[in-house]
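Going by numbering that gives the first Met the number 0, the first residue of the sequence shown is number 0, and it counts up by one from there. As C-alpha cells, the structure follows; a few thoughts come after it.
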Amino acid sequence: MSISDALHRQHEMPLSVSKKVFAFATMCIGMFIALIDIQIVSASLRDIGGGLSAGDDETVWVQTSYLIAEIIIIPLSGWLARVMSTRWLFATSAAGFTVMSVLCGWAWNIQSMIVFRGLQGLAGGSMIPLVFTTAFAFFQGKQRVIAAATIGGLASLAPTLGPTVGGWITENFNWHWLFFVNIVPGIYITLAVPLLVKIDTPNPSLLRGADYLSILLLAVSLGSLEYTLEEGPRWGWFDDNTLALTGWIALLCGIAFIVRTLRHPQPVMDLRALQDRTFTLGCYFSFMAGVGIFATIYLTPLFLGTVRGFSALEIGLAVFSTGLFQVLSIPFYAWLANRIDLRWLLMAGLLGFAASMYSFIPITHEWGASELLLPQAFRGISQQFAVAPTVTLTLGSLPPVRLKLASGLFNLMRNLGGAIGIALCGTVLNNRTNLHYNRLADHLNNTNLSLTDFLQGSISRLMGMGISPDLADSVTLKNLSALTLREARTEAFADTFYLIMAGFLIATLLVPFMKKPQA
Numbered sequence: 000m001s002i003s004d005a006l007h008r009q010h011e012m013p014l015s016v017s018k019k020v021f022a023f024a025t026m027c028i029g030m031f032i033a034l035i036d037i038q039i040v041s042a043s044l045r046d047i048g049g050g051l052s053a054g055d056d057e058t059v060w061v062q063t064s065y066l067i068a069e070i071i072i073i074p075l076s077g078w079l080a081r082v083m084s085t086r087w088l089f090a091t092s093a094a095g096f097t098v099m100s101v102l103c104g105w106a107w108n109i110q111s112m113i114v115f116r117g118l119q120g121l122a123g124g125s126m127i128p129l130v131f132t133t134a135f136a137f138f139q140g141k142q143r144v145i146a147a148a149t150i151g152g153l154a155s156l157a158p159t160l161g162p163t164v165g166g167w168i169t170e171n172f173n174w175h176w177l178f179f180v181n182i183v184p185g186i187y188i189t190l191a192v193p194l195l196v197k198i199d200t201p202n203p204s205l206l207r208g209a210d211y212l213s214i215l216l217l218a219v220s221l222g223s224l225e226y227t228l229e230e231g232p233r234w235g236w237f238d239d240n241t242l243a244l245t246g247w248i249a250l251l252c253g254i255a256f257i258v259r260t261l262r263h264p265q266p267v268m269d270l271r272a273l274q275d276r277t278f279t280l281g282c283y284f285s286f287m288a289g290v291g292i293f294a295t296i297y298l299t300p301l302f303l304g305t306v307r308g309f310s311a312l313e314i315g316l317a318v319f320s321t322g323l324f325q326v327l328s329i330p331f332y333a334w335l336a337n338r339i340d341l342r343w344l345l346m347a348g349l350l351g352f353a354a355s356m357y358s359f360i361p362i363t364h365e366w367g368a369s370e371l372l373l374p375q376a377f378r379g380i381s382q383q384f385a386v387a388p389t390v391t392l393t394l395g396s397l398p399p400v401r402l403k404l405a406s407g408l409f410n411l412m413r414n415l416g417g418a419i420g421i422a423l424c425g426t427v428l429n430n431r432t433n434l435h436y437n438r439l440a441d442h443l444n445n446t447n448l449s450l451t452d453f454l455q456g457s458i459s460r461l462m463g464m465g466i467s468p469d470l471a472d473s474v475t476l477k478n479l480s481a482l483t484l485r486e487a488r489t490e491a492f493a494d495t496f497y498l499i500m501a502g503f504l505i506a507t508l509l510v511p512f513m514k515k516p517q518a
C-alpha cells in the first residue's frame, strides 16, 4: 500500500473520541515517566554514589548525562517523527527508555551508570514533544484546551514530584528501584502506542538529502552548553579552561547551526516559525516556565538539605504540596479556559508565579514543611495557569504542517530555561552567600555586646562540661562560624527567589503582545 493510500484509508476510518482520549492518555504516561526521571534521582544521589562507590563529583553526572542527552534529542524529535511516524518513534523511544532503565538499575559502577543514564535520556526525550503534537492532531476546540491543560500540568508536575517519589522509593526500597519502576509502564507504552496512535505515516525518503551536518552541530552545541551550565557554578565558569572551551564550542556550533538551518531546503528544525510573534513570545514564556519550575525544584530541596538538614524523604514530603495543588487546579483552569481569553489566564499565571516567589523571600533558617505549604501551594496553582495557556497559544498559532518541527523548538526552550535557571541560581547562591557572610562577619566584633555575651556563655557551658578553655574557645568560634554561614545561606536563598520573581514580572508585561487566540 502506498503512502497516499494509507493516508486515504486512515482518513476514512477516523478514531472515535474515546479511542483518541485513551491513546493520548497512554502517550501522557510516557511523557510523564521521561520527565519525572530528570529529578527522580536528585534526592538520592548520595545513595547511588554510595552504592557505586563514587564521589560527589562523579555522582552528579547521573543527572547531568540524562539532561545533556535529553536536551539534544528533543529538538530533533519532529524530524525523526516525520521519518519514522509518530507512533513508531514513540514506541521505539519507550522501548529504548525501558531497556536503559533496566541497565541503570543493574549498573555495576559509576561509569556504566553515567553511560546508561545518557542513553536513557536520549531514548526517552522524544516522547515529550510528540505528546504535544499528538494533542493538536487529535483534538479541536474545548477538547484541545483540556488536552493542553493536561499536558501543561504533567510537564510541570513530573519534575516537581521527582524528588518526592525518588526519596520515598529510596527510603522504602533502594535506589535500584528508581529505575526498575519504569519497566511495567515502559513495556505497556511500547506495545500499546503502535496499536492506538495512527495520525501519520513514515517517510523514510527524508533520510536522503537530510541535513546531517546541522544535526551534528545542534548536538555538539546543546551538549556543550548543557555541560557548561551544569559545571559552571562549581568551577567558576570561564576561569576554568575546560568550561571556557565548551562555552565557545556551544556558541560557534550554535551560530553555524542557525545559519545552515535557515539555508537548507530540508531543515531539521523550523526556526522560521520564530517569525510568528506569538510563537516567539510563547517560546520565551516556555523558557521562563522552565526557569521557574526547575530552579525552584533545585532551590527548595537544596535549602531543606543544607540549612535544615532534612533527609531525602523529608525533603520530598516538604515539597509535595506544589504538585498536589497543581493537580487540584487543573479542572478549575479547564473551566476558565473555555470562558476567558487565554492571555488573561497566562498573565494571571505568570503574575501568580512572581507573587509566589515573593512569598518565599521572608524565608528563615526555621522554615520547614508547614512554613513552605502556602508559598508552594500558590506556586503549584500558578504553574498550571502559566504553562497550559502557553502551550495552547503558542502551538495553536501554527498550521499543522509546521507543528512537528516547531514543537521540538518549543519544548527545547523549557529545558534550556531549566538548565540556565539552575546554573544562574547556583552562581547567585555562591556569590550572595559569600557577600552576606562577609557582611555578617563585619558586625561580629568586640563592640557587639550580644556577641560577647553569646561567646562567654557558650565557653562557660563547654568548660562546665569539662572541656579545656582553649578547646572551648575553638569550638565556640566554629559554632559561631557555622551559624553565620547558615544565616548567610538563608539570605542568599531569599535573594535568588527575588531574582526569579523579577524575571516573571518582566514576562507578565509581554503577554499583551501575543495575538488574540482564534475562536
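Yeah, the Cβ is synthetic: ideal placement off N, Cα and C, and Gly gets one too.
Classified as exposed, M464 has fewer than 16 neighbouring CB atoms from the shown chains inside 10 Å of its CB.
The C-beta distance from G117 to A68 rounds to 5 Å, short enough to meet the 8 Å contact threshold. Note that the C-beta distance between G348 and F384 is below 8 Å.
A residue is called buried when at least 16 other Cβ atoms come within 10 angstroms of its Cβ; S64 meets this threshold and is buried. L476 and L443 have their C-alpha atoms roughly 11 Å apart.
With a contact defined as Cβ atoms closer than 8 Å, F278 and A387 miss out at about 17 Å. For E365, the three-state secondary structure derived from DSSP is coil.
CA-to-CA, the gap between D56 and D441 works out to about 33 Å. With at least 16 other beta carbons inside 10 angstroms of its own, G222 counts as buried.
Counting only runs of 4+ residues, the alpha helix (DSSP H) found wholly inside the stretch 6 to 55 occupies 16 to 38, 44 to 50, in chain order. The beta carbon of D199 sits closer than 6 Å to those of S84, T85, all from its chain and outside the five residues before and after it, given in chain order. Counting along the chain, the unbroken alpha helix (DSSP H) around D441 starts and ends at 399 to 442. Contact holds between the stretch 320 to 340 and the stretch 144 to 164, because three or more Cβ pairs, one in each stretch, are under 8 Å apart.
With contacts defined by Cβ atoms closer than 8 Å, R81 and L205 form a contacting pair. Here the C-alpha atom of N240 lies approximately 37 Å from the C-alpha atom of I362. In the same chain as D269, and ignoring 5 residues on each side of it, the C-beta atoms closer than 6 Å to its own belong to R401, L404, A405, in chain order. When the five nearest sequence neighbours on each side are left out, the beta carbons in the same chain lying within less than 6 Å of the beta carbon of R378 are those of T321, S355, in order along the chain. Here R271 carries a helix assignment [DSSP, helix/strand/coil].
Inclusion of M26 and I127 in the CB contact set at 8 Å is not warranted, their separation being larger than that value. In the DSSP annotation of this structure, M464 is not part of any alpha helix (DSSP H), being labelled neither H nor E. Ranked by how close their Cα comes to the Cα of A418, the residues P193, D36, F286, L79 have F286 in first place. Around the C-beta of S155, 16 or more other C-beta atoms lie within 10 Å, and the residue is accordingly described as buried. Taking a 10 Å sphere around the C-beta of P300, we find 16 or more other C-beta atoms and assign the residue as buried. Taking the Cα positions, I314 is about 11 Å away from S41.
Note on T169: 16 or more other CB atoms within 10 angstroms of its CB, so buried under the neighbour-count rule.
For the pair P158 and F21, the Cα-to-Cα distance works out to about 23 Å.
Taking the Cβ atoms as the reference, T432 lies roughly 5 Å from A487, within the contact range of under 8 Å. Excluding the 5 residues flanking it on each side, T189 has same chain C-beta neighbours closer than 6 Å at A90, A93, A94, in chain order. Residue environment for I70: buried (at least 16 other C-beta atoms within 10 angstroms of its C-beta). Between the alpha carbons of Q265 and A218 lies a gap of roughly 17 Å. G208 and A272 have their C-alpha atoms roughly 22 Å apart. Counting of Cβ neighbours within 10 angstroms places Y436 among the buried residues, the total reaching 16 or more. Under the three-state reduction of DSSP, I145 is assigned to helix. Judged by their CB atoms, L350 and L344 are not nearer to each other than the 8 Å cut-off. Distance check between I292 and each of G502, G48, V510 places G502 closest, using alpha-carbon atoms only.
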